[in-house]
Amino acid sequence: MLVKPSNVLLSMGLLVLSGCNLTDGLATNENTSHTSSWIRPIDPQEKIGQREHPLVLAKYGGEYRDSKVEKLLALIVGKLVSVSQDKGRVYKLTVLNSPKVNAFALPGGYLYVTRGLLALANDTAELAAVLSHEMAHVSANHAILRGKQESSKDVGKQVVNEVLGDNVASRIALAANQLRLSDFSKDQELQADAIGIRMLGNAGFDAHGASRFLQTMQAFQGLNTKRTGRFADASFLSSHPTTPRRIDLAKRHARFFGAPGLGEADRGRYQYGIDGIMFGDSSHEGFVRGNRFSHASLGITFKAPKGARVENHSTNVVINGPGELATRFDAAIIGKNQSLTDYMKSGWIKGLNEGSIVESIYNGLPLASATAQGGSWDFVIQAILIDRQVYRFITAGPIGDLNIRGSAQSISNSFRQLSDAEKARLQPLKIRVVPVLSSDTLGSFASRMKGTTQGLKLFQTLNGLKTGQVPEVGSKVKIVSDY
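Residue numbering for the sequence shown follows my numbering, starting at 8 and increasing by one per position.
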């Protein structure tokens with residue numbers, strides 16, 4: 008049954024949608040969480056989700072508010088709740104303002120989906136498959152939080168542990184590293200697939216939406232891996248692995264409900280719902296365009312070396328590569344009347360070689376550089392001063408790596424202030440839904456994809472197209488636009 012996006016009271020319980028316009032005249036504030044005010048505890052796990060919810064918002068950029076998206080989600084979740092195994096559960100759904108492709112659940116019925124994932128799906132059945140999968144984790148009690156910080160083999164994250172003092176490291180990592188969502192086991196993932204696909208079909212959706220989205224995720228993972236030579240981001244793509252066996256099992260489960268195309272897979276409604284959604288980075292965290300990072304509010308920009316991957320996080324920017332090198336960029340406030348040399352010696356760098364500190368002027372800005380050593384890593388530390396704001400580049404490489412100095416200097420040399428005109432041009436990218444004309448080609452669509460060096464591949468992936476497949480004239484497709 009269809010559920011109107013209003014204050015919904017279903018026969019099986021209240022459907023709570025965080026951020027949805029469920030009542031007219033509801034005051035909104037993009038920096039305020041709307042989930043907690045709707046909470047109605049129904050089980051002991053509720054307190055866990057309630058406690059961790061603010062950490063999720065801090066880690067993933069807060070809530071993303073869009074009335075069309077919220078109405079779309081309300082309709083889909085309402086249909087899924089009506090056939091769920093746990094009909095008395097209250098689900099609290101939040102759209103996260105993150106470009107990462109991710110969806111997950113917390114104990115107590117807290118469901119999360121990022122705007123990055125919404126941009127990747129192509130119809131209502133695909134999104135319903137993601138949501139039913141996460142609802143299945145909740146109903147099967149898979150949604151467990153691990154009470155320790157995330158450990159990672161990513162070189163860029165090791166920079167903090169090896170070279171920054173403990174007090175600085177804890178401040179930088181406050182929001183990003185307080186929360187760690189446990190990875191589900193392979194059996195739990197397959198169980199959630201089976202339950203979720205059963206919900207999907209019983210709710211009247213095309214049950215094959217699950218395998219379609221798994222294949223799209225696989226293509227997206229391949230796009231990033233080919234570009235960087237390594238896995239792009241530890242999100243839905245890593246915690247929900249898309250093995251051929253898993254895709255095959257999803258297809259088998261779906262065949263119980265018939266062939267592909269039976270059931271709702273409303274592409275038009277879905278495209279209308281996400282048309283205009285933000286794609287990629289948001290303005291308050293700066294933008295990555297190709298291998299360049301720019302931040303309008305801070306008024307700065309710099310460029311990563313060729314072959315490196317730039318990852319923009321809420322509290323820092325990490326450059327992975329080239330090779331085994333990694334660079335972390337962040338900012339801090341320098342003491343009044345404190346020189347850059349004194350700042351470098353102030354204790355925030357472990358293993359600092361004080362005799363290596365050199366001050367200079369580059370691009371009209373004061374710059375200090377030094378070297379350090381920690382564990383099995385060599386470090387090049389660079390600090391650039393604008394007023395009392397110090398911008399820090401920490402480049403790490405295995406001991407003896409001859410490329411570390413050149414890479415670090417290349418990055419710091421590219422650092423400069425933005426002009427007013429450049430700042431004005433920095434705007435978030437958006438997903439736009441456009442019609443396919445008879446004059447359109449794959450090449451013409453690729454040229455309209457903004458903010459990427461892989462226009463064709465990204466266009467095909469976002470629209471679920473196979474290599475060489477041309478969309479039908481008269482249909483509609485997604486592009487990444489700067490308007």
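By construction, the Cβ of each residue, glycine as well, lies at the ideal position given by its N, Cα and C atoms. Just so it is clear, the structure is predicted and the values come from calculations on it, not from any experiment.
_Proximity below 8 Å, CB of Arg439 to CB of Gly283_ = Residue mapping note: residue 439 aligns to position 432 of the sequence shown, counting from 1. Residue mapping note: residue 283 aligns to position 276 of the sequence shown, counting from 1. In contact: Arg439 and Gly283 (Cβ atoms closer than 8 Å).
*Beta-bridge pairing of Arg360 - partner residues as DSSP gives them*: Translated into the one-based positions of the sequence shown, residue 360 becomes position 353. What sits at residue 360 in the sequence shown is Asn, not Arg. For Asn360, which the question treats as bridged, DSSP gives the partners Thr378.
*asked:* Is it buried or exposed, Ser218, if we count other Cβ atoms within 10 angstroms and call 16 or more buried?
replied: Taking the sequence shown and counting its residues from 1, one reaches residue 218 at position 211. So Ser218 counts as buried.
*Neighbourhood of Ala257 by C-beta, 7 Å cutoff - its chain only, sequence neighbours within 5 removed*: Sequence index remark: in the sequence shown, residue 257 carries index 250 (1-based). Beyond the five residues adjoining it in sequence on each side, Ala257 comes within less than 7 Å, by CB distance, of Asp200, Ile204, Ala217, Ser218, Leu221 in the same chain, given in chain order.
*asked:* I need the DSSP call for Lys483, collapsed to helix, strand or coil.
replied: Taking the first residue of the sequence shown as position 1, residue 483 is located at position 476. Three-state DSSP puts Lys483 in a strand.
*Touch check for the stretch 405 to 422 and the stretch 447 to 455: three-plus C-beta pairs under 8 Å?*
no
_Local conformation of His215 per DSSP, three classes_ = For this step, residue 215 is matched to residue 208 along the sequence shown. If DSSP states are grouped into helix, strand and coil, His215 belongs with coil.
*Go ahead and label Phe264 buried or exposed: buried means 16 or more other beta carbons lie within 10 angstroms of its beta carbon, across all protein chains shown.*
Locating residue 264 in the sequence shown gives position 257, where the first residue counts as 1. Result: buried.
*Considering only residues of the stretch 241 to 303, which uninterrupted beta strand (DSSP E) runs meet the minimum length of 3 residues and lie entirely inside it, listed in chain order?*
294 to 296, 299 to 302
*Look at the alpha carbon of Gly116 and the alpha carbon of Ala65, and state the distance between them as a whole number of angstroms.*
Counting from 1 along the sequence shown, the entry for residue 116 is found at position 109. Counting from 1 along the sequence shown, the entry for residue 65 is found at position 58. Spanning the two alpha carbons is a distance of roughly 19 Å.
*Do the CB positions of Leu230 and Leu465 come within less than 8 Å of each other?*
As a first step, residue 230 is located in the sequence shown; it is residue number 223 there, counting from the start. As a first step, residue 465 is located in the sequence shown; it is residue number 458 there, counting from the start. Yes, Cβ-Cβ distance for Leu230 and Leu465 is below 8 Å.
*Looking at the structure shown, is Leu472 part of a helix, part of a strand, or coil, going by DSSP?*
Locating residue 472 in the sequence shown gives position 465, counting from the first residue. The answer is coil: DSSP assigns Leu472 none of H, G, I, E or B.
*Does the distance from the CB of Gly270 to the CB of Ala132 come in under 8 Å?*
What you label residue 270 is simply residue 263 of the sequence shown in a count that begins at 1. What you label residue 132 is simply residue 125 of the sequence shown in a count that begins at 1. In terms of Cβ geometry, Gly270 and Ala132 form a close pair [threshold 8 Å].
*asked:* I'd like the list of long-range same chain contacts for Val397, defined as Cβ closer than 6 Å, with 5 residues on each side in sequence excluded.
replied: The residue you call residue 397 lines up with position 390 of the sequence shown. Ala339, Ile341, Ala390.
_With three or more C-beta pairs closer than 8 Å as the rule, is the stretch 207 to 214 touching the stretch 122 to 137?_
Flag = yes, the stretch 122 to 137 and the stretch 207 to 214 touch.
*Nearest residue (CA-CA) to Leu444, options Gln57, Thr334, Glu479*: Within the sequence shown, residue 444 is the residue found at index 437, counting from 1. When only C-alpha atoms are compared, the closest one is Glu479.
*Cut-off 6 Å between Cβ atoms - residues of its own chain near Pro370, not counting five sequence neighbours on either side*: Position 363 of the sequence shown, counting from 1, holds the residue named residue 370. One point to set straight first is that residue 370 is Asn, not Pro, in the sequence displayed. Answer for Asn370: Arg423, listed in chain order.
*With distances taken Cα to Cα, identify the nearest neighbour of Leu433 among Lys485, Gly381, Asn470, Asp489.*
As a first step, residue 433 must be located in the sequence shown, where it is residue number 426. If we check each option's Cα against that of Leu433, Asp489 comes out closest.
*CA-CA distance, Met351 and Asn360?*
Locating residue 351 in the sequence shown gives position 344, where the first residue counts as 1. Locating residue 360 in the sequence shown gives position 353, where the first residue counts as 1. Our two residues, Met351 and Asn360, have alpha carbons roughly 10 Å apart in a direct line.
*From what residue to what residue does the alpha helix (DSSP H) around Val63 run?*
Within the sequence shown, numbered from 1, the residue matching residue 63 stands at position 56. Segment 53 to 66, the alpha helix (DSSP H) holding Val63.
*Contact check, Asp73 vs Ser146, beta carbons under 8 Å*: For the purposes of this step, residue 73 is taken as the residue at position 66 of the sequence shown. For the purposes of this step, residue 146 is taken as the residue at position 139 of the sequence shown. In this structure, Asp73 sits away from Ser146, with a CB-CB distance that is not shorter than 8 Å.
*asked:* I'd like the list of long-range same chain contacts for Tyr277, defined as Cβ closer than 6 Å, with 5 residues on each side in sequence excluded.
replied: Taking the first residue of the sequence shown as position 1, residue 277 is located at position 270. Cβ neighbours of Tyr277 within its own chain (closer than 6 Å, five residues either side excluded): Asp130, Thr131.
*Alpha carbon to alpha carbon, what distance is there between Pro435 and Gly208?*
The residue you call residue 208 lines up with position 201 of the sequence shown. The residue you call residue 435 lines up with position 428 of the sequence shown. Going from the Cα of Gly208 to the Cα of Pro435 covers about 37 Å.
*Reference Leu298, options Val317, Ser414, Thr308, closest by Cα*: Position 291 of the sequence shown, counting from 1, holds the residue named residue 298. Note on identity: in this sequence residue 298 is Asn, with Leu being the wrong assignment. Looking at the Cα atoms, Val317 is the closest of the given residues.
*Would the beta-carbon of Ile254 be found less than 7 Å away from any heavy atom of the ligand SAH?*
Absence of the ligand SAH is noted for the structure shown, with no ligands found whatsoever.
_Using DSSP's beta-bridge definition, name the partner residues of Ala339._
Walking along the sequence shown from the start, residue 339 turns up at place 332. When beta bridges are read from the DSSP output, Ala339 appears opposite Val397.
*Nearest to Ile401 by alpha carbon, out of Ile254, Arg395, Asp288, Ser414?*
Here residue 401 is taken as the residue at index 394 of the sequence shown, counted from 1. Of the candidates Ile254, Arg395, Asp288, Ser414, the one whose C-alpha sits nearest the C-alpha of Ile401 is Ser414.
_Separation of Val90 from Ala143, as counted between CA atoms_ = Here residue 143 refers to the residue found at position 136 when the sequence shown is read from its first residue. Here residue 90 refers to the residue found at position 83 when the sequence shown is read from its first residue. Distance between the alpha carbons of Ala143 and Val90: 12 Å.
*Measure the C-alpha to C-alpha separation of Ala112 and Tyr119 and round it to an integer number of angstroms.*
Numbered from its first residue, the sequence shown carries residue 112 at position 105. Numbered from its first residue, the sequence shown carries residue 119 at position 112. Whole-angstrom Cα-Cα distance: 6 Å.
*Nonlocal neighbours in the same chain, by C-beta distance under 6 Å from Ile326, ignoring five residues either side*: Within the sequence shown, numbered from 1, the residue matching residue 326 stands at position 319. For Ile326, where only same-chain residues beyond five positions count, the Cβ hits under 6 Å are Ala311, Ala315, Val317, Thr334.
*Can you say whether Arg252 is buried or exposed, counting buried as having 16 or more other CB atoms within 10 angstroms of its CB?*
By 1-based counting over the sequence shown, the position of residue 252 is 245. It counts as exposed.
*Which same chain residues, not among the five before or five after Glu429, have their C-beta less than 6 Å away from its C-beta?*
Position 422 of the sequence shown, counting from 1, holds the residue named residue 429. Within the same chain, Glu429 has no close Cβ partners at all.
*Can you grab the Cα-Cα spacing for the pair Pro106 / Ser482, in whole Å?*
Start at 1 with the first residue of the sequence shown, and residue 106 comes out as number 99. Start at 1 with the first residue of the sequence shown, and residue 482 comes out as number 475. The straight-line gap from Cα to Cα measures roughly 26 Å.
_Exposure of Asn344, with buried meaning 16 or more beta-carbon neighbours within 10 Å_ = Position 337 of the sequence shown, counted from the first residue, corresponds to residue 344. Flag for Asn344 reads exposed.
*Drop a sphere of 10 angstroms on the beta-carbon of Arg259, count the other beta-carbons inside from all chains shown, and report buried for 16 or more, exposed for fewer.*
Locating residue 259 in the sequence shown gives position 252, counting from the first residue. Arg259 is exposed by the Cβ-count criterion.
*Hey, out of Val295, Asn470, Ser304, Asn319, whose CA is closest to Thr460's CA?*
Along the sequence shown, read from residue 1 onward, the residue named residue 460 stands at position 453. Looking at the Cα atoms, Val295 is the closest of the given residues.
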